[in-house]
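To start, the structure itself, in structure tokens.
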Amino acid sequence: MLRPRFLLTKRIPLTISRQSAGSYVRGVWVEGTTTEVEVEVNIQPVKPHEVQMMPESDRTREWYKVYCADELRTKQEGASGHGPDRFEWQGHTYEIMKVQNYAMGILDHHEAWAARVSVTPK
Numbered sequence: 514m515l516r517p518r519f520l521l522t523k524r525i526p527l528t529i530s531r532q533s534a535g536s537y538v539r540g541v542w543v544e545g546t547t548t549e550v551e552v553e554v555n556i557q558p559v560k561p562h563e564v565q566m567m568p569e570s571d572r573t574r575e576w577y578k579v580y581c582a583d584e585l586r587t588k589q590e591g592a593s594g595h596g597p598d599r600f601e602w603q604g605h606t607y608e609i610m611k612v613q614n615y616a617m618g619i620l621d622h623h624e625a626w627a628a629r630v631s632v633t634p635k
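Count along the sequence shown from 1, add 513, and you get the number used in this note's numbering.
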């Protein structure tokens with residue numbers, strides 16, 4: 514398997530916060546542990562026509578596409594579920610909402626859509 518190096522585009526180092534699956538301990542839910550994963554990514558804004566195809570409630574969010582040779586994860590429900598990957602970029606927190614895995618045998622990579630996490634006053 515060849516790993517794309519994105520030589521023609523700018524790559525930046527990024528620290529991904531990855532949450533493991535939580536579980537019940539004596540009837541009380543305990544969140545999974547969070548680990549940090551270092552990856553190199555290419556980040557590009559989502560095009561306006563792609564934003565227009567989203568549900569109206571998502572159009573006002575700030576969206577970016579993240580291209581990476583390493584695995585990126587979205588939220589997974591169920592007994593063995595886990596939270597979505599999150600990262601800090603340009604002073605804001607983003608979470609991975611959608612991932613497309615391109616595993617063709619040549620230049621395998623992941624394309625993820627990340628949305629800025631809303632900041633609400635306390």
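We treat Cβ as the ideally placed atom computed from N, Cα and C, and that holds for glycine.
The structure displayed is predicted, hence computed values, not measured ones.
For residue i, the residue or residues it bridges with in DSSP
i	result
A627	Y577, I609
L640	Residue numbering for the chain in the displayed model covers 514 to 635; residue 640 lies beyond these limits and cannot be assessed.
E590	Paired residue(s): none; E590 is not in a bridge.
T547	Q532
Q603	Paired residues: none, contrary to the question.
P558	Y577
V541	V538
Sub-8 Å separation of residue i and residue j beta-carbons
i	j	result
Y580	V552	no
P558	Y577	yes
V612	H622	no
Residue closest to residue i, alpha-carbon to alpha-carbon, out of the options
i	options	result
M610	G596, A627, I619, E549	A627
V543	T587, W576, S570, G594	G594
G604	Y537, E575, R539, I619	E575
I556	Y615, N614, Y607	Y607
E549	L585, V612, V538	L585
T547	G540, T528, V538	T528
P526	P568, M566, D583	D583
Q589	G545, A616, D571, G618	G545
V630	W602, N614, K560	W602
T587	R524, V541, A625	A625
Contact test: residue i Cβ vs the ligand COA heavy atom, cutoff 7 Å
i	result
T606	In the structure shown, the ligand COA is absent, as is every other ligand, since no ligand is present at all.
Whole-number beta carbon distance between residue j and residue i, since they are thought to touch under 8 Å
i	j	result
S533	F600	Wrong, their Cβ atoms sit about 17 Å apart, outside the cutoff.
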